[in-house]
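A.B. asks:
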Amino acid sequence: AYALEISGESMEPVYRDGDLVIVSPGAPIRRGDRVVARTIAGQVMAKQLARRSARRVELRSLNPSHPDYSFDLSEVAWIHRIVWASQ
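Its first residue numbered 10, the sequence shown is counted upward by one per residue in the numbering used here.
1. Here's the rule I'm using: 16 or more other beta-carbon atoms within 10 Å means buried, otherwise exposed. How should isoleucine 49 be labelled?
2. Taking the straight line between their C-alpha atoms, what separation do you get for arginine 40 and arginine 61?
3. To the nearest whole angstrom, what separates the beta carbons of proline 37 and histidine 89, a pair I think is in contact under 8 Å?
4. Please state whether the Cβ-Cβ distance between tryptophan 93 and isoleucine 31 is less than 8 Å.
5. Would you check whether the ligand MN has a heavy atom nearer than 7 Å to the C-beta of alanine 94?
6. What do you get for leucine 82, buried or exposed, if any count of 16 or more other CB atoms within 10 angstroms of its CB means buried?
7. How should valine 53 be labelled, buried or exposed, when 16 other C-beta atoms within 10 angstroms of its C-beta is the threshold for buried?
8. Relative to the C-alpha of leucine 68, which residue among Glu14, Ser74 and Val45 is closest?
9. Please report the straight-line C-alpha distance between glutamate 21 and valine 66, rounded to a whole angstrom.
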């Protein structure tokens, strides 16, 4: 497990800028889980897992003023589940 500091407001009101989250690479992920994802291009984001199929993954921002993302699985380096947050 490792800790990350949230930067930005795409996950407000659940996570705010400066909150710390604990991420577990080994924890299974399911639809609705809050996750941290890294793309092959190097973009790292904290989102909610909306959908995961054999070919694509859809990530949702909890703040409606921020866009949702959809990636081909070949564009995603990893997705890890957030298991704890300081709030």
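Even glycine gets a Cβ: it sits at the ideal position worked out from N, Cα and C.
C.D. replies: Judging by the given coordinates:
1. exposed
2. 7 Å
3. Not a contact, Cβ separation roughly 11 Å.
4. yes
5. The model depicted lacks the ligand MN and carries no ligand whatsoever.
6. exposed
7. exposed
8. Val45
9. 21 Å
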